[in-house]
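**Q** Under the working numbering, residues -12 to 213 are what the sequence shown spells out, in order.
Cβ atoms here follow ideal geometry from the backbone N, Cα and C, with glycine treated the same way.
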Amino acid sequence: MRLCVALDMASKDENLALVRELKGLDLWLKVGLRSYLRDGAKFIEELKGAGEFKIFLDLKLYDISNTMADAAEVVSKIGVDMINLHASAGERAMKTVMERLSSLQNRPLVLAVSALTSFSESEFEAVYNDTISRSVRKFSQMSFEAGLDGMVCSVFESKLIKEVTNQNFITLCPGVRPFGESAGDQKRVANLVSAKQEGSDFIVVGRPIYENANPREICERILEQI
Ligand code: C5P
């Protein structure tokens, strides 16, 4: 299991200061919408220069197939290690993205978002008119068929996804509260023990790390346990 730290702090300087504190640890860094929209590709370059970290650019692409493929190609060329898109964009859109990226010499891992971890069961059903578990099953099979590398999902869906696709199909799980910290806006949260039991390949942790008085120490404690 790998730890991915969400760089969701309010400013670029705060994110960079956090990354400097984490230097030397075996981590992935997740750059989200806010920092990418504000700080752009230059920020990614700065992160690459800050240590041996792998970078996950979490933009959750969702659009018509051709526009998604154009966007996926551009972000791949920035040289990040992982990107993602919404599975609900459909199998054809996902296939178009993967075909486009296959022409690149080095493509990033591509994951599909199944159900946002901030959705409760009833909120999800109000939008998708289906249960989370049935949709996750369907989205995972579609993403697998389209040639993606894995899914973004809650810890509780990790086992099911591997069962209906392949054990090597990656699961990356946000909504992790390693030692039972506050859930914030997340609805389907899990701790480290469950993430391990459920077979998550990556855990994404944001607030429990950057809101802690000693982010390096908490990362070290997590890394020890995984
Ligand atoms: O602070 P916290 O640990 O809740 O951060 C989780 C991160 O993972 C946030 O950056 C959030 O945007 C992202 N994420 C998520 N649920 C998804 C996909 C991404 O929480 N399904």
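(1) Measuring straight from C-alpha to C-alpha, what distance separates N71 and P161?
(2) Between the Cα of Q92 and the Cα atoms of L103, E108, G66, which residue gives the shortest distance?
(3) Reducing DSSP to helix, strand and coil, say where M69 ends up.
(4) What are the start and end residues of the alpha helix (DSSP H) that includes V139?
(5) Excluding the 5 residues preceding and the 5 following L20 in the sequence, name in chain order all residues of the same chain whose CB lies nearer than 8 Å to its CB.
(6) Does T158 come out as helix, strand or coil in the three-state DSSP assignment?
(7) Taking just the CA atoms, how far does V191 sit from R164?
(8) At 4 residues or longer, what runs of the alpha helix (DSSP H) sit wholly inside the stretch -6 to 30?
(9) So what does F43 bridge to, in DSSP terms?
(10) What is the residue span of the beta strand (DSSP E) that I190 lies within?
(11) For H73, which residues from the same chain have a beta carbon less than 8 Å from its beta carbon, with the 5 sequence-adjacent residues on both sides left out?
(12) What did DSSP end up calling A99 once you bin it into helix, strand or coil?
(13) When you compare the CB positions of F43 and D26, do they come within less than 8 Å of one another, or not?
(14) If we ignore side chains and look at the alpha-carbon of each, how far apart do Y115 and F126 end up?
(15) For A58, which residues from the same chain have a beta carbon less than 8 Å from its beta carbon, with the 5 sequence-adjacent residues on both sides left out?
(16) Which partner residues of R(-11) appear in the DSSP bridge assignment?
(17) Can you give the Cα-Cα distance for M85 and F106, rounded to whole angstroms?
(18) Pop quiz: L(-6) and K17 are said to be a contact at Cβ under 8 Å. What is the actual Cβ separation, rounded to whole angstroms?
(19) Within 10 Å of its beta-carbon, does I148 have 16 or more other beta-carbons around it, so buried, or fewer, so exposed?
(20) Tell me, please, which residues DSSP counts as bridged to A177.
(21) When the Cα atoms are used, what is the spatial distance from S(-2) to K29?
(22) Going by CA-CA distance only, name the one from A102, N155, Q128, E132 that's closest to T118.
(23) Exposed or buried, Q173, counting other C-beta atoms within 10 Å across all chains shown (16 or more means buried)?
**A** According to the structure shown:
(1) In the sequence shown, the residue the question calls residue 71 occupies position 84. In the sequence shown, the residue the question calls residue 161 occupies position 174. C-alpha of N71 to C-alpha of P161: approximately 13 Å in a straight line.
(2) Mapped onto the sequence shown, residue 92 falls at position 105. Taking only the C-alpha atoms, the option nearest Q92 is G66.
(3) Working through the sequence shown from its first residue, we reach residue 69 at position 82. In the displayed model, M69 falls within a strand according to three-state DSSP.
(4) Sequence index remark: in the sequence shown, residue 139 carries index 152 (1-based). Counting along the chain, no alpha helix (DSSP H) covers V139; the unbroken beta strand (DSSP E) around it starts and ends at 137 to 139.
(5) Counting from one through the sequence shown, the residue named residue 20 turns up at place 33. D45, L46, K47.
(6) On the sequence shown, position 171 is the one that residue 158 refers to. Reduced to three states, the DSSP call for T158 is strand.
(7) Here residue 164 corresponds to residue number 177 of the sequence shown, with the count starting at 1. Here residue 191 corresponds to residue number 204 of the sequence shown, with the count starting at 1. Their backbone Cα atoms lie some 9 Å apart in a straight line.
(8) Counting only runs of 4 or more residues that sit fully inside the stretch -6 to 30, the alpha helix (DSSP H) segments are -1 to 8, in chain order.
(9) Your numbering for residue 43 matches position 56 in the sequence shown. Answer is K17, M69, bridged to F43.
(10) To locate residue 190, count along the sequence shown from 1; it is residue 203. First-last of the beta strand (DSSP E) with I190: 189 to 192.
(11) One-based indexing of the sequence shown puts residue 73 at position 86. So the list reads K47, L48, Y49, A99, V100, once near-sequence residues are dropped.
(12) As a first step, residue 99 is located in the sequence shown; it is residue number 112 there, counting from the start. A99 falls in the strand class under three-state DSSP.
(13) Here residue 43 corresponds to residue number 56 of the sequence shown, with the count starting at 1. Here residue 26 corresponds to residue number 39 of the sequence shown, with the count starting at 1. No, Cβ-Cβ distance for F43 and D26 is not below 8 Å.
(14) As a working mapping, residue 115 is identified with position 128 in the sequence shown. As a working mapping, residue 126 is identified with position 139 in the sequence shown. When the Cα atoms are used, Y115 and F126 turn out to be separated by approximately 12 Å.
(15) For the purposes of this step, residue 58 is identified with residue 71 of the sequence shown, where counting begins at 1. Here the set comprises L46, L48, D50.
(16) Locating residue -11 in the sequence shown gives position 2, counting from the first residue. According to DSSP, R(-11) bridges with F189.
(17) Taking the sequence shown and counting its residues from 1, the one referred to as residue 85 is at position 98. Taking the sequence shown and counting its residues from 1, the one referred to as residue 106 is at position 119. One alpha carbon belongs to M85, the other to F106, and they sit about 27 Å apart.
(18) Position 7 of the sequence shown, counted from the start, is the residue given in the question as residue -6. Position 30 of the sequence shown, counted from the start, is the residue given in the question as residue 17. The Cβ separation is near 6 Å, so the contact holds.
(19) Indexing the sequence shown from 1 puts residue 148 at position 161. Here I148 is buried, its C-beta having at least 16 other C-beta atoms within 10 Å.
(20) Position 190 of the sequence shown, counting from 1, holds the residue named residue 177. Beta-bridge pairing by DSSP links A177 to V163.
(21) Looking up residue -2 in the sequence shown gives position 11. Looking up residue 29 in the sequence shown gives position 42. Taking the Cα positions, S(-2) is about 14 Å away from K29.
(22) Position 131 of the sequence shown, counting from 1, holds the residue named residue 118. Comparing C-alpha distances from T118 to each of A102, N155, Q128, E132 shows the shortest one belongs to A102.
(23) The count along the sequence shown starts at 1 and reaches residue 173 at position 186. By the 10 Å Cβ count, Q173 comes out buried.
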